[in-house]
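Novice: Here numbering that gives the first Met the number 0 is used: the first residue of the sequence shown is 0, the next is one more, and so on.
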Amino acid sequence: MVITEIPNHPSIPHSTDATGNRPATPVSAARQDTPSFATPLRKDAFELSDEDKIAKIEGHFQAIMQTLGLDLSDDSLRGTPGRVAKMFVKETFKGLNPANYPKISLFDNKYQYRRMLVERDIPLYSFCEHHFLPLYGKAHVAYIPNGKVIGLSKLNRIVEHFARRPQVQERLTMQIADELRRVLGVEDVAVYIDAQHMCVQARGVHHHHSGTSTAEYGGKFLNEHIRNEFLQAIKS
Ligand SMILES: [Zn+2]
0 MVITEIPNHP SIPHSTDATG NRPATPVSAA RQDTPSFATP LRKDAFELSD
50 EDKIAKIEGH FQAIMQTLGL DLSDDSLRGT PGRVAKMFVK ETFKGLNPAN
100 YPKISLFDNK YQYRRMLVER DIPLYSFCEH HFLPLYGKAH VAYIPNGKVI
150 GLSKLNRIVE HFARRPQVQE RLTMQIADEL RRVLGVEDVA VYIDAQHMCV
200 QARGVHHHHS GTSTAEYGGK FLNEHIRNEF LQAIKS
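Have a look at this one:
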């Protein structure tokens, strides 16, 4: 029986001063107002409809291709600006829009389950916001339930929602952890992400085999034994 429905995660555009700079805010104050790990969005981020955004981006991407010297009358290239625009708005960056936040339902923990639940090997596909190149890998999340439990696939959906933005891996990790805390109403959450960055592998230093790991632990996961149980679980 579904007992609680969680409202959409509110997207909080950064406040800016007259110069367009974000004011320096102490960490504690920032946590209550705009979390320092919120995606930097403008206040007018969602004034345009998806359709208007697609039309605009199509024009911009066409200009990029033309500037590169590509012949857009070629059969193979003609549809690319439209495809890219649609992909950005409807797929790869759809997680920017809070309207696309997944429907999350919680259930009574009637089994009195009190140990950690680990959802491992969640496929992760995101884009590095510095190069707009893919970063991809796996996310592992865990929590220790209190009064409520979450449908398992919703953990995957939360990861997917925050991955579908231009991201840096550190921020993605924090956003997922923070959302798990909010949704589950517990501090006892863990997030571990292991990812490869195309901007490191396919350009720049061309380090094909380097990977990046990030983690965030809260509540009971700060205890070494609990954390090790989680780390063992995601290795198996
Ligand atoms: Zn990058």
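Here a beta-carbon is modelled for each residue, glycine too, at the ideal position from N, C-alpha and C.
#1: Classify Q168 as buried or exposed, calling it buried when 16 or more other Cβ atoms lie within 10 Å of its own Cβ.
#2: Please name the residue in G68, H224, Q174 and L71 whose C-alpha comes closest to that of P39.
#3: With a threshold of 7 Å on Cβ separation, who are the neighbours of F237 within its own chain once the five nearest residues in sequence on each side are excluded?
#4: Spatial neighbours of Q65 within its chain, please: CB distance less than 8 Å, with the 5 preceding and 5 following residues excluded, ordered by chain position.
#5: Jot down the residue ranges of each uninterrupted alpha helix (DSSP H) in the region 40-97, minimum 4 residues, whole runs only, in chain order.
#6: Does DSSP put L230 in a helix, a strand or coil?
#7: Restricting to Cα atoms, I'd like to know which of H206, K234, T172 and V182 is closest to T213.
#8: Which of the three DSSP states is assigned to L221 in this structure?
#9: Does V204 pass the burial test, meaning 16 or more other C-beta atoms within 10 Å, or should it be called exposed?
#10: Can you grab the Cα-Cα spacing for the pair D43 / K55, in whole Å?
#11: Measure the alpha-carbon distance for A176 versus L69 and round it to whole angstroms.
#12: Assign H205 to one of three DSSP states: helix, strand, or coil.
#13: Compute the distance between the beta-carbons of A162 and S125, then report whether it is under 9 Å.
#14: Pull up the distance between the alpha-carbon of F60 and that of E215, whole angstroms please.
#15: Can you say whether N84 is buried or exposed, counting buried as having 16 or more other CB atoms within 10 angstroms of its CB?
#16: Assign N96 to one of two classes, buried (16 or more other C-beta atoms within 10 Å of its C-beta) or exposed (fewer than that).
#17: Find the nearest neighbour of P133 within the set L183, K234 and T91, judged by alpha-carbon distance.
#18: Look at the alpha carbon of I149 and the alpha carbon of R119, and state the distance between them as a whole number of angstroms.
#19: Please look up how many angstroms separate the CB atoms of V185 and G218, rounded, as I've assumed it's under 8 Å.
#20: Can you tell me which residues fall inside 5 Å of ligand 1, judged by beta-carbon distance to its nearest heavy atom, and keep chain order?
#21: When you compare only the Cα positions, how much space is there between E128 and L154?
#22: Where does P25 sit, in a helix, a strand or coil, going by DSSP?
#23: Classify H139 as helix, strand or coil using the three-state DSSP reduction.
#24: Return the chain-ordered list of same chain residues with a C-beta closer than 6 Å to the C-beta of T24, the five sequence neighbours on each side being excluded.
#25: Which residues does DSSP pair with D193 in a beta bridge?
Specialist: So, to answer that:
#1: buried
#2: Q174
#3: In the structure as shown, the chain begins at 0 and stops at 235. Residue 237 is therefore absent and cannot be evaluated.
#4: L71
#5: 49-66, 74-77 and 79-86
#6: helix
#7: T172
#8: helix
#9: exposed
#10: 15 Å
#11: 43 Å
#12: coil
#13: yes
#14: 36 Å
#15: The amino acid at residue 84 is misidentified as Asn; the sequence shows Ala. It is buried - the Cβ of A84 has at least 16 other Cβ atoms within 10 Å.
#16: buried
#17: T91
#18: 15 Å
#19: 7 Å
#20: C127, H129, H130 and C198
#21: 23 Å
#22: Residue placement at P25 is flagged as unreliable, the pLDDT there being 39, under the threshold of 50; the coordinate-derived value follows with that caveat. Residue state, collapsed to three classes: coil.
#23: strand
#24: Confidence in T24 is poor, its pLDDT being 38 and thus under 50, which makes the residue's placement too unreliable to answer from.
#25: K137 and S212
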